[in-house]
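K.L.:
Residue numbers (my numbering): 2 to 266.
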């Protein structure tokens with residue numbers, strides 16, 4: 002994402018806050034023209050109101066970005082709903098499940114469906130899908146969120162295979178928790194929000210450092226981008242020892258919940 006990309010154009014979904022906002026700002030700082038597709042918020046860039054789960058909205062956002070810039074060189078699929086939903090699988094409402102599938106997964110599919118033809122026709126470009134470490138570290142009581150993030154990883158791998166030889170790159174980012182505004186729209190029980198907040202605050206990282214690291218890895222052509230470094234070890238352990246890893250994640254969550262929610266004095 003160096004100066005060779007100056008004057009190129011990117012469309013960033015969920016770009017009005019959090020890591021999406023940081024990615025948009027980082028690209029703009031490097032000479033890119035940026036359009037932000039979001040359902041709410043304000044942005045110093047071209048703001049395109051868009052519900053990514055609605056195909057008409059997605060089609061319109063891509064068309065407007067192309068109309069303004071005359072080209073599209075990168076799609077950053079970042080829009081998503083944070084949080085696990087309510088309780089274990091047997092207690093999760095179908096509406097909560099469908100809502101997360103619609104935004105976190107279908108939204109990425111629709112954006113790729115309508116943006117990739119333009120990238121392919123140009124013979125170059127990048128599709129950067131932002132999943133989360135939840136895509137490989139499936140903590141309990143986060144079934145809908147985990148499932149969508151794992152599916153985003155698979156969707157990206159499928160895109161990478163389909164785009165082989167086209168000049169268009171597909172990458173998936175799997176950042177861990179860091180300090181961000183991710184929690185503000187998070188739908189989750191109070192004790193899980195508290196646990197996530199504690200982890201974020203103790204990470205020592207923020208959305209800007211995440212954006213720079215992710216874009217740097219994408220510029221290096223990486224398919225799987227796991228950040229920060231300690232999560233890369235977890236990614237490798239999951240692939241090598243899946244059964245042990247799942248049990249370990251469950252034990253860690255059982256330990257972290259009491260730490261994040263100490264009993265009143």
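The beta carbon of each residue, even a glycine, is placed where N, CA and C say it ideally should be.
Going straight from the alpha carbon of residue 32 to that of residue 164, what length do you get?
P.N.:
Walking along the chain shown from the start, residue 32 turns up at place 31. Walking along the chain shown from the start, residue 164 turns up at place 163. About 26 Å.
K.L.:
In angstroms, rounded to a whole number, what distance separates the CA positions of residue 128 and residue 252?
P.N.:
Counting from 1 along the chain shown, the entry for residue 128 is found at position 127. Counting from 1 along the chain shown, the entry for residue 252 is found at position 251. Distance between the alpha carbons of residue 128 and residue 252 is about 35 Å.
K.L.:
Going by beta carbon distance, what residues of the same chain come within less than 6 Å of residue 122, once the five residues before and after it are set aside?
P.N.:
In the chain shown, counting from the first residue as 1, residue 122 sits at position 121. Taking C-beta separations shorter than 6 Å and ignoring five residues to either side along the sequence, residue 122 has no partners in its chain.
K.L.:
Could you pull the start and end residues of the beta strand (DSSP E) that residue 130 belongs to?
P.N.:
For this step, residue 130 is matched to residue 129 along the chain shown. Element bounds for residue 130: 126 to 131.
K.L.:
Does DSSP classify residue 109 as helix, strand or coil?
P.N.:
Along the chain shown, one-based indexing puts residue 109 at 108. Three-state result, residue 109: helix.
K.L.:
My understanding is that residue 25 touches residue 40, with C-beta atoms under 8 Å, so please give their C-beta distance in whole angstroms.
P.N.:
Here the question's residue 25 lines up with position 24 in the chain shown. Here the question's residue 40 lines up with position 39 in the chain shown. In fact, because the Cβ distance is near 15 Å, the residues do not count as touching under 8 Å.
K.L.:
Could you check how far apart the C-beta atoms of residue 112 and residue 59 are, in whole angstroms? I think they sit under 8 Å.
P.N.:
Translated into positions along the chain shown, residue 112 becomes position 111. Translated into positions along the chain shown, residue 59 becomes position 58. Yes, they are in contact, since the Cβ atoms of residue 112 and residue 59 sit about 6 Å apart, within 8 Å.
K.L.:
Could you tell me the boundaries of the alpha helix (DSSP H) in which residue 236 lies?
P.N.:
Start at 1 with the first residue of the chain shown, and residue 236 comes out as number 235. Counted as a single uninterrupted DSSP element, the alpha helix (DSSP H) harbouring residue 236 occupies residues 230 to 241.
K.L.:
For residue 108, which of 52, 159, 247 has the nearest alpha-carbon?
P.N.:
Sequence index remark: in the chain shown, residue 108 carries index 107 (1-based). Ranking the options by Cα distance to residue 108, first place goes to 52.
K.L.:
Could you please give me the residues that DSSP links to residue 14 through a beta bridge?
P.N.:
Taking the chain shown and counting its residues from 1, one reaches residue 14 at position 13. Paired residue(s): 38.
K.L.:
Can you tell me whether residue 47 is helix, strand or coil according to DSSP?
P.N.:
Counted from its first residue, the chain shown places residue 47 at position 46. Reduced to three states, the DSSP call for residue 47 is strand.
K.L.:
Determine which residues share a DSSP beta bridge with residue 175 and list them.
P.N.:
Reading the chain shown from its first residue, position 174 is the one you call residue 175. 227, per the DSSP bridge assignment.
K.L.:
Name the one or two DSSP bridge partners that residue 76 has.
P.N.:
For this step, residue 76 is matched to residue 75 along the chain shown. Answer by DSSP bridge pairing, in chain order: 12, 128.
K.L.:
Starting from residue 142, follow its DSSP beta bridges and name the residues at the other end.
P.N.:
Stepping through the chain shown from its first residue, residue 142 is reached at position 141. Residue 142 is not bridged to any residue.
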